[in-house]
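First comes the structure, then the notes that go with it.
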Amino acid sequence: MRHFADIVGFLILHQLRIIARNVAQFHGNCLVALVYRWSLRVSFLPLFVEVKKYIIILLALAAIAGLGTHAAWSSNGLPRIDNKTLARLAQQHRLSFCFVMLNVADRSTNQCLSDKTGITVKGTQDARELGNAFSADIPDFDLYSSNTVRTIQSATWFSAGKKLTVDKRLLQCGNEIYSAIKDLQSKAPDKNIVIFTHNHCLTYIAKDKRDATFKPDYLDGLVMHVEKGKVYLDGEFVNH
Numbered sequence: 001m002r003h004f005a006d007i008v009g010f011l012i013l014h015q016l017r018i019i020a021r022n023v024a025q026f027h028g029n030c031l032v033a034l035v036y037r038w039s040l041r042v043s044f045l046p047l048f049v050e051v052k053k054y055i056i057i058l059l060a061l062a063a064i065a066g067l068g069t070h071a072a073w074s075s076n077g078l079p080r081i082d083n084k085t086l087a088r089l090a091q092q093h094r095l096s097f098c099f100v101m102l103n104v105a106d107r108s109t110n111q112c113l114s115d116k117t118g119i120t121v122k123g124t125q126d127a128r129e130l131g132n133a134f135s136a137d138i139p140d141f142d143l144y145s146s147n148t149v150r151t152i153q154s155a156t157w158f159s160a161g162k163k164l165t166v167d168k169r170l171l172q173c174g175n176e177i178y179s180a181i182k183d184l185q186s187k188a189p190d191k192n193i194v195i196f197t198h199n200h201c202l203t204y205i206a207k208d209k210r211d212a213t214f215k216p217d218y219l220d221g222l223v224m225h226v227e228k229g230k231v232y233l234d235g236e237f238v239n240h
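So in the working numbering, spot 137 of the sequence shown is number 137, and the numbers just go up one at a time.
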């Protein structure tokens, strides 16, 4: 019985160390990093179950504190990536951002910018505001959109003056979108990329990568990175 309890304690401790490591790396939380390193030193010592129990409690509290510090999780189960966290991630990886295009003019009571299948005048203001905030943290990026009027206009107003490349592959929202993202990232491995696509694309990615139910609104976004030929979903971008 004592041996079984030791095994259970070790497994729980191992899982909590993984959580603590991810929190420390993802959010740069010093307290969690300190507890994580300490746990590595003591986890293989022949400690009694009672002592390991306190280590587990300490790790759990540190992980919760680290997560709570940054309001780290959305109600949909995706990690929340604010501007501060975004800057940290950009130091570790070249990032891929997928944003939902703005409200279509023919579905809104607001004034159309031009074509009724495009965005509204108010939408241009929202896109410019988000683009300015985003560029303050990620100034260097390549810009892409699917081949619809609304995504092209959303991307154009998001980053005035930056060259926009239209790619019809970004209209495909199944597994094909990963191939497109990897291809675009490989063309500029030293730069971040921003993609304007459609809400059902983001819904698919969130469900496929993290089994999360994500129903994005206009200008909501996901943060991803490509590593060793695989696309990883880091979380939901929250502009603040």
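All C-beta atoms in this analysis are idealised placements derived from N, C-alpha and C, irrespective of residue type, glycine included.
Exercise. Considering only residues of the same chain and omitting the five flanking positions on each side of Arg128, which have a CB-CB separation below 8 Å?
Worked result: Trp157, Phe158 and Ala160
Exercise. What is the rounded straight-line gap between the Cα of Lys228 and the Cα of Gln111?
Worked result: 45 Å
Problem set entry | Enclosing beta strand (DSSP E) for Lys230 [first to last residue] | Lys230 to Phe237
Problem set entry | Counted within 10 angstroms of its Cβ, other Cβ atoms place Ser96 as buried (16 or more) or exposed | buried
Problem set entry | Inter-residue Cα distance where the pair is His240 and Leu86 | 11 Å
Exercise. Hey, how far is the Cα of Val100 from the Cα of Asn132?
Worked result: 17 Å
Problem set entry | For Arg94, three-class secondary structure by DSSP | coil
Exercise. Cα-Cα, which of Ile81, Lys215, Asp217 and Phe214 is closest to Phe134?
Worked result: Ile81
For this session: Compare the beta carbon distance of Leu143 and Val194 with 8 Å and say whether it is the shorter of the two.
Result: yes
Problem set entry | Which of helix, strand or coil DSSP assigns to Leu222 | strand
Problem set entry | First and last residue of the uninterrupted alpha helix (DSSP H) at Ser135 | Val121 to Asp137
For this session: Please name the residue in Ile138, Pro189 and Thr148 whose C-alpha comes closest to that of Leu89.
Result: Ile138
Problem set entry | Residue closest to Ser75, alpha-carbon to alpha-carbon, out of Val231, Pro216 and Asp115 | Pro216
Problem set entry | Local Cβ density within 10 Å of Tyr36, reported as buried at 16 or more and exposed below that | Low per-residue confidence applies at Tyr36: pLDDT is 47, beneath 50, and the placement is therefore not dependable enough to give any value.
Exercise. Would you report the Cα separation of Ser145 and Pro79, rounded to the nearest angstrom?
Worked result: 24 Å
For this session: Kindly list the residues whose CB is nearer than 6 Å to the CB of Gln153, restricted to its own chain and excluding five residues on each side of it in sequence; keep chain order.
Result: Gly118 and Ile119
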